[in-house]
Structure formats: structure tokens, C-alpha cells
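Novice: For what it's worth, the working numbering labels the leading residue of the sequence shown as 4, then goes sequentially. We put the CB at the ideal spot given by N, CA and C, even for glycine. As the structure is a prediction and not an experimental result, all values here were calculated from the model.
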Amino acid sequence: MRNPIRRNKNIGTAKQGFKQNNKMVIPFLRHSTKFFPENLTEYTKVRRCINGVNFLFVVEKTRPDYYHACTIEDLEVILRNVLVKDLGDLTTIILRQPKRKEEILSPVWGRLVYGYEFENVIQPAIILEAQSYQRSLVWKRNLHVDAQRELERLRHDGHRIEENRREFRIYPEPDKVRATQLYRTLLHEIGHYVQYNQTGDEYVHIPKNEREAFAHRYADKMSKILQESRQIPFDRIIDFEALTRDNLQISDFIDGYKDFLYKKFDAFDKPVDDSEKLILRNAVEVILKAIPSQQLDAEDYYLWGYLYYFSDGDRPTLRKVAKEKFEQSLAVDPGYYMSRLYLAHCLHDERELDDALQEYERVDQEALRQEFPIWRYVKLREQIGYCYYQLGFPTKGEAYFEEVLEYYHTIDDQLALPSELLSCLAESHSIAIELCKIGNYKHDNFKAEAS
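1) May I ask you to report which of helix, strand or coil DSSP gives Lys399?
2) Can you give me the Cβ contacts of Gly15 inside the same chain, cut-off strictly under 8 Å, excluding the 5 residues immediately before and after it?
3) Please find out if some non-hydrogen atom of the ligand ZN comes closer than 7 Å to the beta-carbon of Leu189.
4) Determine, using beta-carbon pairs with one atom in the stretch 259 to 271 and one in the stretch 84 to 99, whether at least three such pairs fall under 8 Å.
5) Helix, strand or coil for Arg152, going by three-state DSSP, please let me know.
6) Looking at Ile53 and Glu76, is the spacing between their C-beta atoms short of 8 Å?
7) Give the single residue among Tyr304, Thr320, Ala325 and Tyr311 whose Cα lies nearest to the Cα of Pro337.
8) Going along the chain, which unbroken runs of the alpha helix (DSSP H) with 4 or more residues stay wholly within the stretch 71 to 154?
9) If you reduce the DSSP assignment to three classes, tell me which class Arg9 lands in.
10) Expressed to the nearest angstrom, what Euclidean distance is found between the alpha-carbon atoms of Leu299 and Tyr119?
11) Roughly how many whole angstroms lie between the Cα atoms of Ser431 and Gln331?
12) Within 10 angstroms of the Cβ of Asn11, are there 16 or more other Cβ atoms? Answer buried if so, exposed if not.
13) Taking contact to mean at least 3 C-beta pairs separated by less than 8 Å, is the stretch 373 to 391 in contact with the stretch 345 to 363?
14) Quick one: Cα of Arg163 to Cα of Glu176, how far?
15) Mind checking Pro127: buried by the 16 CB within 10 Å criterion, or exposed?
16) Grab the span of the alpha helix (DSSP H) containing Arg181 for me, first residue to last.
17) Can you tell me where the beta strand (DSSP E) holding Thr47 begins and where it ends?
18) May I ask you to report which of helix, strand or coil DSSP gives Ile436?
19) If you draw a straight line from the alpha carbon of Asn285 to that of Asn200, how long is it in whole angstroms?
20) If we call anything under 8 Å between Cβ atoms a contact, is Leu115 one with Tyr196?
21) Using the Cα positions of Lys224 and Leu146, report the straight-line distance between them to the nearest angstrom.
22) Can you tell me where the alpha helix (DSSP H) with Ile173 in it begins and where it stops?
23) Per DSSP, Val197 is paired with what?
24) For Ile125, which residues in the same chain have their Cβ closer than 6 Å to its Cβ, ignoring the five residues on either side in sequence?
25) Below 8 Å between beta carbons: does that hold for Tyr403 and Arg384?
26) How is Arg163 classed by DSSP in three states: helix, strand or coil?
27) Are the stretch 359 to 375 and the stretch 338 to 346 touching, with three or more C-beta to C-beta distances below 8 Å?
28) Keeping to the same chain, check which residues put their C-beta closer than 6 Å to that of Gly400; ignore five residues upstream and five downstream.
29) Drop a sphere of 10 angstroms on the beta-carbon of Lys326, count the other beta-carbons inside from all chains shown, and report buried for 16 or more, exposed for fewer.
30) Might you give, ordered along the chain, the residues of its own chain that have their beta carbon closer than 7 Å to the beta carbon of His351, omitting 5 neighbours on each side?
31) Measure the alpha-carbon distance for Leu251 versus Gln151 and round it to whole angstroms.
32) Hey, how far is the Cα of Arg322 from the Cα of Leu306?
33) Which value, in whole angstroms, describes the spacing of the CA atoms of His159 and Trp112?
34) Grouping DSSP H, G and I as helix and E and B as strand, with all else coil, what is Phe1?
35) Figure out for me which residue from Thr95, Phe243 and Tyr312 has the closest Cα to the Cα of Phe121.
36) Considering just the uninterrupted stretch of the alpha helix (DSSP H) at Glu231, what are its terminal residues?
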């Protein structure tokens, strides 16, 4: 008879019951012979000819917060400097997104598969795994000799490694992961394939530690040759036009594409000639067009519109595009006041003063005053006054102009030219007279500009 009080004395041991088989493993498809790295989901194929050899690059779509550290152009530079006889039939490179269990149970920077099945064709392939920069890698302190050597290699690659009494923590960063995969892992896996070709059937009988030692020697030798010839290191190559042409997603390769945008934006704002401005604008536009529209935020659209607004050329056409981008920015975030300010500028330039006034007054003026140089706030108050004055409300417009005049009395050297104010007030108006005295402005110049 069953005694409900009696306790299973095997609980907590390997023989406690059927759950001893409930071990976490990398799942496999029951009716498939594929090795788990061969199970790709959403991917794009890109073909390139390198040293007369046709290479196939397969780029798998990444999960959020995961990125491919090496671009196809980066890999081309290295492959171009490897002997064709060393590569042999190794002409397939897979940029792969690992599954979660694979990261836990079989984490790697990359691997060589001697018979990789892809679209019913079996061929050798090198796989480079996408990485997340939001998590750390944890290694226990009781490392065997080969793992200790690998830890030193990671330190040499520049990885930040912290240690405590129990473990090592490795913090991946984009440049460091790229250095590891591009200058070491890729060459290491090619080294495995070189030995595989040299030894033939005997390869499988070579001890694993000897195979690893050969691959490391090959990678070190090639790395030294490339360094001496100044082929490496080199900056990351991001060809945005190629990304678009090959139907690749920029978000699979770049963590923080905004840094690149800001650099181009800052360069655009500096004194440059018209042709250079066009080049900078096109570079930014290629990036933004390569990003899915649902991933663009209000700032992206604002920067896009800003570049068109301040470009030289057919002003009505450029302004139309800029206006469209500012409206898209506000559709994403109605509170993005810089887009609202420049939308008002576009309407102002088109002499749609009613609409311009509405947009000017919807700008978060306190935020503008706190977060930007004071001249922007004063200019906005002047432009609001101008709209009121031109729309037939001179008293209200003059009230804004009086406020602007007070700022010129105190901080004249930090303010912009009062062009709107002087263009609509008569030369004999007391505000215009006072302002011309303060800034030594010539009233007739502004009248000429307004006409």
C-alpha cells in the first residue's frame, strides 16, 4: 500500500526519477541530418569575386541587440591577401545569428564546417557568429592550458577582462570583437582548412590540440605578414550603397548608427563648399534609406530634413523635401520641437504666415531656451512678432519686438541679425532706431533683402 508520508530518498540525486534525462541540449530536427549551424532562418545571399574566385556570403538577420562585427567589405580585404591555394574550395562565408541555447552550450567567435549543407549543396564554409555587446562572457577560473592561452589572446585583442575569485568576465565591444573575428578567427579557420587539405584522410587522426596549434600558427604567421605589409589593422569599411544594393539591413551590422550620422551632420554644419555638402547629404541619405522606416525616430527625420533645408540648389524643391521630413519627424514624436521649429521656417519661407505662426507658437520655447544658445530663443520671439505684424496685428507684433530689443540691450554679441524685425518696421520707428544704434545696422539693407 502507498504511504503518502514516505519521502523519495533519491530526490536530489542523479537517480531521482525520469527527470534525470531532462538535460538542456541544443535541439535538432528529428527528420533532418543538418548540423545546428546549418539551420538558418531569414538570410540574404551576396556574391563577390575576389582574386578571380567567386565567393558566397550568407548574412543571417540578427536579433535585437546582436550585430555582425565584420562587414563583407572587411572580409574581402583579408581574403584578398590569402593565397588562393590556401583557400581551395573554401569559398563560402556565413555571418550567422546563434540561437540562445547555442550561445550557452556552444559559444564561439566562429567555426569551420568541412561539409556545410546550404540550399542542398554541401561545401566547406567558415561561420562567424553575431555578438551582443549588452552582455558579458563568463569563464570559470579553473581554465585548462589552451583556454588560458586564448584568454591572453583576447587581452591582446583589446577586450576588457575583469576577474574575481570565481570567474573571468569578458566585456565584448564592437571594435574588439571585430579585431578578434577579422584578424584571428577568420585566419584561424582558414588554417584548419589548409591542414585539412595537406593531410587528407589522416586529418581526422590528428589530435585536437595539434590541429588547434597548427591553426594558431597559421593565423599568427598571416597576421604578421599583413601587419608588416600594413594591410591590417584598418578601419571598419561600411559601404552603405552596397548594403542597399545587396538588400542587407544596416541594423544587422551597426550598433549605434547615429554616431556616424552625427559625424556627417557636424561636418555639414562647418564651412564647406556646395559639392562637399552634397556628398555629405548623400552619405546620410544612403544610411537613412537603408534603415527600415519603422526603425527611424524623430531625430533621424529631423537630421534628414535639416540637411535638405540648408543645402544649396533649387530652393523650392529642397524646401519641399525638408518640409516632408520635418512632418514625418513630428508624426513619430509630436513633441520634437526642433522639427516643429524648422517646419515653421519652411512655411515662413513660403509666405504661409498663418500656418508658420501656428507652428512657431507650438514650439516648446522653454526647452529651446534651456537647451540651445539664447540666440535661438530670441530669434523665435522675433519671428513670431514678424508673423503677427505682417498678418495685420502690429500692436501684438511690436510687443514681441520690444522684448527682442531688451535682449539686444544686454547680450547683443550672442544674438543673430534682427532681419525680420528691421524688414517690417519703418526706419523712423523707435524700435528700429534703437536697434540700429546698438548693433550699428543699416536699415536699408534689411529693407532691400525683404523686397
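Specialist: Looking at the atomic coordinates:
1) helix
2) none
3) In the structure on display, the ligand ZN does not appear, and there are no ligands present to speak of.
4) no
5) helix
6) no
7) Tyr304
8) 75 to 83, 87 to 90 and 103 to 108
9) coil
10) 37 Å
11) 44 Å
12) exposed
13) yes
14) 8 Å
15) buried
16) Pro177 to Thr183
17) Tyr46 to Ile53
18) helix
19) 47 Å
20) yes
21) 26 Å
22) Here Ile173 belongs to no alpha helix (DSSP H); instead the beta strand (DSSP E) covers Glu170 to Tyr174.
23) DSSP, once it has assigned bridges, lists no residue as partnering Val197.
24) Gly118
25) yes
26) strand
27) yes
28) Gly388, Tyr391 and Tyr392
29) buried
30) Ala359 and Gln386
31) 37 Å
32) 14 Å
33) 16 Å
34) Residue numbering for the chain in the displayed model covers 4 to 454; residue 1 lies beyond these limits and cannot be assessed.
35) Thr95
36) Lys211 to Glu231
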